[in-house]
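Heads up: the structure comes next, in structure tokens.
Numbering (our numbering), first residue to last: 10 to 156.
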């Protein structure tokens with residue numbers, strides 16, 4: 010229930026589960042203390058007027074994929090890093106303000122990582138479907154503010 014609507018009342022949850030409101034409150038508190046759930050406002054990356062979602066597909070040495078992926082993940086402007094199968098074995102995602110920022114990230118930073126053979130970039134020009142509950146895409150500074 011909380012996954013669908015984090016604002017749902019403890020009373021409503023209790024009624025649906027057949028337990029007391031105090032039980033729900035206690036369970037939620039424990040889940041928060043254990044770090045299993047957290048509450049935050051989710052905004053879509055589309056709220057950023059100038060930012061564009063960019064993908065950097067990386068061809069890395071097969072025996073160094075995890076190491077290379079971690080180095081790329083440590084770059085502050087990179088939002089997500091995925092190990093993939095196919096022509097490319099790593100995909101990095103980021104929000105960029107302009108093409109110069111993408112060129113700098115792809116050519117000067119990622120292509121310079123030891124073990125990277127080739128990079129290919131693409132930019133999302135239109136969002137057909139985006140589920141912020143599945144994958145929250147924000148600038149790295151915003152992620153740090155949420156913690």
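Virtual Cβ for every residue (Gly too), placed ideally from N, Cα, C.
Indicate the three-state DSSP secondary structure (helix, strand or coil) for residue 41 in the structure shown.
DSSP places residue 41 in helix when its eight states are reduced to three.
Touching by the beta-carbon criterion (3+ pairs, under 8 Å), the segment 65-75 and the segment 24-35:
no
Grouping DSSP H, G and I as helix and E and B as strand, with all else coil, what is residue 139?
Three-state DSSP puts residue 139 in coil, outside helix and strand.
For residue 56, which residues in the same chain have their Cβ closer than 6 Å to its Cβ, ignoring the five residues on either side in sequence?
With a pLDDT of 47 at residue 56, under the threshold of 50, the predicted position of this residue should be treated as unreliable, and no value is reported.
For residue 89, the three-state DSSP class (helix, strand or coil):
strand
Taking a contact to mean a Cβ-Cβ separation below 8 Å, would you say residue 110 touches residue 130 in this structure?
no
What does the alpha-carbon distance come out to for the pair residue 81 and residue 23?
44 Å
Looking only at its chain, what residues have a beta carbon closer than 6 Å to the beta carbon of residue 19, apart from the 5 residues adjacent to it on each side?
30, 33 and 34
Under the three-state DSSP convention, the category residue 28 falls into
coil
For residue 120, which residues in the same chain have their Cβ closer than 6 Å to its Cβ, ignoring the five residues on either side in sequence?
128
Buried versus exposed, by CB contacts within 10 Å (16 or more), residue 100
buried
Applying the 10 Å Cβ sphere with the 16-neighbour rule, what's the burial state of residue 28?
The residue in question, residue 28, is exposed, as its Cβ has fewer than 16 Cβ neighbours within 10 Å.
Supposed contact pair residue 98 and residue 74 - C-beta distance, whole angstroms, cut 8 Å:
5 Å
Give the DSSP bridge partners of residue 61, in chain order.
105
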